[in-house]
Amino acid sequence: MYDQIYSNYSNNKYIYNKCPDEFIQSFCSVPHANDFEWVSARFLPHPQQEHIFVLGNEWGSIALFNAKEDLDKYKFIRRGSRCIHSVILDFCFLPGIPEWLIALSGKSHIYLIDITNGKPIYCLYGHSCSVRCASVWPGNPHLLVSGSRDGSILGWDLRSPPLGQITIDGSEWGAFPPSRTFAFAHESAGVVSPSSCKRSKTVASITGLLHFGENYVISSSSSASRLFKIIFTKF
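For the sequence shown, the numbering used here gives the first residue as 1065, with consecutive numbering after it.
This is how it looks when you write it as structure tokens:
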């Protein structure tokens, strides 16, 4: 960790249209503790921990912060560690299990991490593109659904035993396959091909998931024709 002062104002306004962060930092006189971009942020939902929030950056590092602490001398930083080797797009918390954290990566994996020590627990594999969203049923924190750019929705039961170990960038993870698979959950009608006069189907990316009762999930997608859908997900 080191300090970096941004005080160089440039007359080149074109770069600020492309990189607005550079414009803000050109007026900044506060030391920066991290050169890497923070991509995701969430406050912990657990009782008595609502003042704690977690950040994830583009290099796979996760840091916990205490919003009640003073900003001086970095007292607000509780702990930080590099957990995975990919950008962290979002987080998902497990109700009733405050020490566990779900990290959605820019690759095709989902990571279950122990935030008390930053150590890996499980690697949930099954998607073929970056994972964009996840939802946990509050009544059972072991049941998780996830959506990806590949158009699939996968269901996970964390009570099931992992299938051996998987090594990712030198770290050992418990390999965890999905319990339910909904491939092409929002398949779009696509466009008509002039040569065949047939309408080709396209895969719509899953953009959001929300539990609607214990066994139902509302999903949203990038498809204009099938923006929302209710899926029965009983394990």
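Don't be surprised by glycine CBs; every beta carbon is placed ideally from N, CA and C.
So, with DSSP's three-state summary, where would you put P1184?
Three-state DSSP puts P1184 in a strand.
Return the first residue and the last residue of the beta strand (DSSP E) that D1221 is part of.
I1217 to D1221
My understanding is that P1242 touches G1160, with C-beta atoms under 8 Å, so please give their C-beta distance in whole angstroms.
Rounded, the Cβ-Cβ distance is 22 Å, inconsistent with contact.
Provide the residue span of the beta strand (DSSP E) that contains C1301, from first to last.
The requested residue 1301 does not occur in the structure, where the chain is confined to residues 1065 to 1299.
For the stretch 1152 to 1159 and the stretch 1112 to 1126, state whether three or more C-beta atom pairs, one from each stretch, are separated by less than 8 Å.
Note that the stretch 1152 to 1159 touches the stretch 1112 to 1126; at least 3 beta-carbon pairs, one per stretch, sit closer than 8 Å.
On a CA-only basis, which of Q1113, R1146, S1212 and H1110 is nearest W1102? Give me that one, please.
R1146
Let me check you understand the geometry: is the CB of C1147 closer than 7 Å to at least one non-hydrogen atom of the ligand NAD?
In the structure on display, the ligand NAD does not appear, and there are no ligands present to speak of.
So T1271 and C1193 are in contact, right, with Cβ under 8 Å, and what is the actual spacing, rounded?
Rounded, the Cβ-Cβ distance is 13 Å, inconsistent with contact.
For the beta strand (DSSP E) that L1108 lies in, which residues bound it at each end?
Unbroken run through L1108: none, as it is neither H nor E.
If you measure from the beta carbon of H1173 to each beta carbon in chain C, is any gap under 8 Å?
In the structure shown, chain C does not exist; there is a single protein chain.
Compare the Cα-Cα distances from S1172 to each of I1179, R1213, L1207 and L1274 and report the closest residue.
Comparing Cα positions, the closest option is R1213.
Express the C-alpha separation of V1281 and L1218 in angstroms, rounding to a whole number.
11 Å
Given Q1229, which residues of its chain have a CB within under 8 Å of its CB, disregarding the five upstream and five downstream residues?
E1236, W1237, G1238 and A1239
Cβ of G1215 within 8 Å of Cβ of A1268?
yes
Along the chain, where does the beta strand (DSSP E) that runs through F1117 open and close?
I1116 to N1121
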